[in-house]
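Residue numbers (the working numbering): 1 to 355.
Worksheet: one structure, shown below.
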Ligand SMILES: Cc1cc2nc3c(=O)[nH]c(=O)nc-3n(C[C@H](O)[C@H](O)[C@H](O)COP(=O)(O)O)c2cc1C
């Protein structure tokens, strides 16, 4: 089932095996390198590759050595990646990730504080070469800051088109900026962007609409993680928030909604019923163990999704479709080389034939 074709938006995918977005922290000065082109090209057999989280503006960066997509130089560096993937017959969306309060002054040339819907620190820490640093209290965004952030997403999406991407995925999951607007514990605003659900979802919908208007909604997806507690998020109204958000997103006509499941399938089924378009699912109905191909098959068989995104399996198995067709074996990913470093644990995972 995973190996049957599908159309997402207007993009034909040869299979339903999506490579989930994974930060690898191997960029240099915000620029992806030739090694990154090799890494993604090795995985061009995916129905769709979604890149690592990529900052659409300087203040959107949340971690060291992540790539950006807000300057012509960054777009040119990404062009090498998209060309490499396309020459191997693949398709690739860039994940635009504004990290909001999950940032740090040490990441920004002017040392400014990160931005967020409200001035509430995450209580978590940032990993740096100098050790773990506390996330500072973010600065509450003004209405001008919000308008600027939307413009930054739009400008970055336009650069993505120049860089040869097939589309962009808006990172609305895992406690980053868009999620910080959605959740009540990170959004205490009293203006049109805070308070009732209709206001908290406004930023997500405005970003989706603006980016869709700029590059075509069929080239835009959004990732959501209902109920996730990553990065200090505590939703009090998941069951009400997400159906209302999905209903508000429907008119925008996006290519897909991508659900990062967080320990329950119930809300996934509710979203499936509300969303008329393509649904990509990272299947995690229970537990933290890496998702398996069997988890994906089960979700497709139960018709809770149209396509399955997998993270660690793609990271460690560049020829994943072939391995699934053969029933395995699968290499386990090594967490020690997830973030930063060189080609080891990045481009040196072998194909079945090489192994
Ligand atoms: C090394 C690593 C980096 C990740 N970085 C991102 C990211 O940049 N954006 C994102 O939306 N999810 C990110 N994730 C989450 C994955 O997309 C995926 O949801 C998670 O790994 C669970 O799926 P799996 O069990 O198939 O690995 C990351 C996961 C890993 C392992």
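Every residue, glycine too, gets a C-beta built ideally from N, C-alpha and C.
Distance check between residue 178 and each of 158, 201, 165, 22 places 201 closest, using alpha-carbon atoms only. Residue 329 has its CB no nearer than 8 angstroms to any heavy atom of ligand 1.
For residue 8, the uninterrupted beta strand (DSSP E) run begins and ends at 6 to 8, by DSSP. The three-state secondary structure of residue 176, taken from DSSP, is coil. As summarised for the region 104 to 149, the continuous beta strand (DSSP E) elements at least 3 residues long and confined to that stretch are 125 to 128, 131 to 134, given in chain order.
Contact between the region 37 to 53 and the region 81 to 101 is present: three or more C-beta pairs spanning the two stretches fall below 8 angstroms. With a cutoff of 8 angstroms, residue 339 counts as near ligand 1, since its C-beta is closer than that to a heavy atom of the ligand. The Cβ atoms of residue 307 and residue 278 sit closer than 9 angstroms to each other. Judged by their CB atoms, residue 138 and residue 109 are not nearer to each other than the 9 angstroms cut-off. With fewer than 16 other Cβ atoms from the protein chains shown falling within 10 Å of its own Cβ, residue 354 counts as exposed. Its chain contains 150, 154 as the residues whose beta carbon lies nearer than 6 angstroms to that of residue 210, once the 5 sequence neighbours on both sides are disregarded; these appear in chain order. A distance below 8 angstroms between beta-carbons, with the five flanking residues on each side excluded, links residue 244 to the following residues of its chain, in chain order: 197, 198, 201. The region 68 to 85 makes contact with the region 153 to 172, as at least three CB pairs between them are under 8 angstroms. For residue 147, the closest C-alpha among the options 127, 136, 203, 156 is that of 203.
With contacts defined as CB atoms closer than 9 angstroms, residue 47 and residue 13 qualify as a contacting pair. Here residue 257 is bridged, per DSSP, to 222, 279.
Each residue's CA atom was taken as its position, placing residue 129 and residue 296 some 37 angstroms apart. A Cβ-Cβ distance of about 13 angstroms is found for the pair residue 284 and residue 223, leaving them out of contact under the 8 angstroms criterion.
For the set 43, 169, 259, the Cα lying nearest the Cα of residue 56 is the one of 169. In the structure shown, residue 354 falls within a coil segment according to DSSP collapsed to helix, strand and coil. Comparing alpha carbon positions, the residue from 136, 116, 118, 8 closest to residue 124 is 136.
Across the set 67, 304, 191, the C-alpha of 304 shows the shortest separation from the C-alpha of residue 274. The shortest CA-to-CA distance from residue 339 to any of 19, 317, 36, 256 is the one to 36. Going by DSSP, residue 93 is part of the beta strand (DSSP E) stretching over 92 to 96.
Boundaries of the alpha helix (DSSP H) harbouring residue 297: 293 to 301, taken from the DSSP string. For the pair residue 185 and residue 233, the Cα-to-Cα distance works out to about 7 angstroms.
Burial check for residue 276: the Cβ neighbour count within 10 Å stays below 16, so the residue is exposed. In its chain, beyond the 5 residues on either side, 218 have a beta carbon closer than 6 angstroms to the beta carbon of residue 10. Annotation for residue 223 indicates a beta carbon within 8 angstroms of some heavy atom of ligand 1.
DSSP places residue 36 in the uninterrupted alpha helix (DSSP H) bounded by 34 to 42.
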